[in-house]
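Visitor: Numbering (the numbering used here), first residue to last: 21 to 383. Sharing a structure here in structure tokens format.
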Ligand code: PLP
């Protein structure tokens, strides 16, 4: 199998931590596990270049829910801002907030997948409680200047909480979280385990828990910590950050090589200034889903959009920002674990598939 759907999930690095104790236990095994979690937190904070607290969750979905609902419980404002193309784990929270009496501004993403700084600035009000904007878009690869957006928000309202879902950025591109209050990341997009996410709370930022039970994690998230998941996340982050630049260059090389198919196919790149990890293209006269199935039959995995709608339906974000290219969209998402040989195979298979499906002749 050749795997180019690394924005959906990545193959996990083999990792078997010997620390199985319950971090709340008073004996040696518990104390060891607690110490290892503390080390993992230090590692993650250092890679994020932030001082603060990390709350471990069951994934990015829970981290986003905690950021959004947890920060609003501490705030009296009834206005919130997000974009119209967030991941479902953010969008669904804002839709729920509407039902709870909040006024939601959905900033429109432009064709390049980013929101306008001027529109963001205009949207921030004295009663804005929370702003949540993705760092790297999971379908398009669009990259926001998150530090700048946080600066704009806090310049207009210093009490508004700024959250970013950085799942597709952390461990992949150089990030700058200065000015950001809350950051979401997770393990399985960077070759860690599934079922582990993290919410970074910058020093001084507080959220209310959304789970109640034992007083684990300083009362911020009830439930026994997923020790294996947490250590796997930190281990994956170490691998990612130790080689951040070279991985970036390697993946960019894969993207550039793959895009040589555009010399034969008149394809459209749906987001030009994207992270090299995520490439979203549309091939004229070739339905994305049909090409996906043809590639899958050859053992090659790509996608047409996010896998996170819970069903295998046909929604993709281009329907919102550029509908005429939506049907033909294909997302190829790379990892540093891919090889150039795999990219050559993918190129050949896409060219073959596209020519079979559209009647395009190859030179
Ligand atoms: N946010 C983004 C940007 C994602 O790409 C994903 C995963 O697809 C999530 C959140 C949700 O992650 P999880 O399914 O691990 O909760």
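Glycine residues also receive a C-beta, built at the ideal position from the N, C-alpha and C atoms.
Which runs of the beta strand (DSSP E) fall wholly inside the region 54-116 and span at least 3 residues, in chain order?
Guide: With a minimum length of 3 residues, the continuous beta strand (DSSP E) runs that stay inside the region 54-116 are 72-77, 99-103.
Visitor: State the Cα-Cα distance for the pair residue 179 and residue 226, rounded to the nearest angstrom.
Guide: As a first step, residue 179 is located in the chain shown; it is residue number 159 there, counting from the start. As a first step, residue 226 is located in the chain shown; it is residue number 206 there, counting from the start. Cα-Cα distance, rounded: 12 Å.
Visitor: Assuming the contact rule is C-beta atoms closer than 8 Å, residue 377 and residue 322 should be a hit. Round their C-beta distance to whole Å, please.
Guide: For the purposes of this step, residue 377 is taken as the residue at position 357 of the chain shown. For the purposes of this step, residue 322 is taken as the residue at position 302 of the chain shown. About 14 Å; that fails the 8 Å criterion.
Visitor: Considering only heavy atoms of the ligand PLP, does any lie closer than 6 Å to the CB of residue 100?
Guide: Taking the chain shown and counting its residues from 1, the one referred to as residue 100 is at position 80. Checking every heavy atom of the ligand PLP against the Cβ of residue 100, none is found closer than 6 Å.
Visitor: Applying the criterion that 16 or more other CB atoms from any shown protein chain within 10 Å of the CB defines a buried residue, is residue 99 buried or exposed?
Guide: As a working note, residue 99 is residue 79 in the chain shown. Under this definition residue 99 is a buried residue.
Visitor: Determine the DSSP secondary structure at residue 266, reduced to helix, strand or coil.
Guide: One-based indexing of the chain shown puts residue 266 at position 246. Residue 266: helix per DSSP, three-state reduction.
Visitor: Using only the heavy atoms of the ligand PLP, determine whether one of them is closer than 6 Å to the beta carbon of residue 404.
Guide: Shown here, the chain extends from 21 to 383; a query on residue 404 therefore has no answer.
Visitor: Kindly indicate which three-state DSSP category residue 214 falls into: helix, strand or coil?
Guide: Position 194 of the chain shown, counted from the first residue, corresponds to residue 214. Reduced to three states, the DSSP call for residue 214 is coil.
Visitor: Along the alpha helix (DSSP H) that carries residue 365, what are the first and last residues, could you check?
Guide: Within the chain shown, residue 365 is the residue found at index 345, counting from 1. 360-378 is the extent of the alpha helix (DSSP H) around residue 365.
Visitor: Looking at C-alpha atoms only, which residue of 135, 161, 115 is the closest neighbour of residue 299?
Guide: As a working mapping, residue 299 is identified with position 279 in the chain shown. Cα-wise, what sits closest to residue 299 is 161.
Visitor: How would you write the range of the beta strand (DSSP E) that residue 301 sits in, first residue to last?
Guide: Position 281 of the chain shown, counting from 1, holds the residue named residue 301. Element bounds for residue 301: 298-302.
Visitor: Let me know if residue 332 comes out buried or exposed under the rule of 16 or more other beta-carbons within 10 Å of its beta-carbon.
Guide: On the chain shown, residue 332 is found 312 positions in, with the first residue counted as 1. Note that residue 332 scores a pLDDT of 46, beneath 50, so its modelled location is shaky and nothing firm can be said.
Visitor: Rounded to whole angstroms, how far is the Cβ of residue 312 from the Cβ of residue 24, which I believe are closer than 8 Å?
Guide: Position 292 of the chain shown, counted from the start, is the residue given in the question as residue 312. Position 4 of the chain shown, counted from the start, is the residue given in the question as residue 24. The pair is not a contact, with the Cβ atoms about 11 Å apart (cut-off 8 Å).
Visitor: What first and last residue would you give for the alpha helix (DSSP H) that runs through residue 351?
Guide: For the purposes of this step, residue 351 is taken as the residue at position 331 of the chain shown. No alpha helix (DSSP H) contains residue 351, which is instead part of the beta strand (DSSP E) from 349-353.
Visitor: With DSSP collapsed to three states, give me the class of residue 183.
Guide: Within the chain shown, the letter at position 163 stands for residue 183. In the structure shown, residue 183 sits in a strand (DSSP, three-state: E or B).
Visitor: To which residues does DSSP link residue 311 through a beta bridge?
Guide: One-based indexing of the chain shown puts residue 311 at position 291. Note: residue 311 sits in no beta bridge, so no partner.
Visitor: Considering only C-alpha positions, which residue in the set 369, 303, 65, 47 is nearest to residue 349?
Guide: In the chain shown, residue 349 corresponds to position 329, counting from 1. Out of 369, 303, 65, 47, 303 has the C-alpha closest to the C-alpha of residue 349.
Visitor: Hey, out of 81, 336, 310, 363, whose CA is closest to residue 112's CA?
Guide: Numbered from 1 along the chain shown, position 92 holds the residue referred to as residue 112. It is 81.
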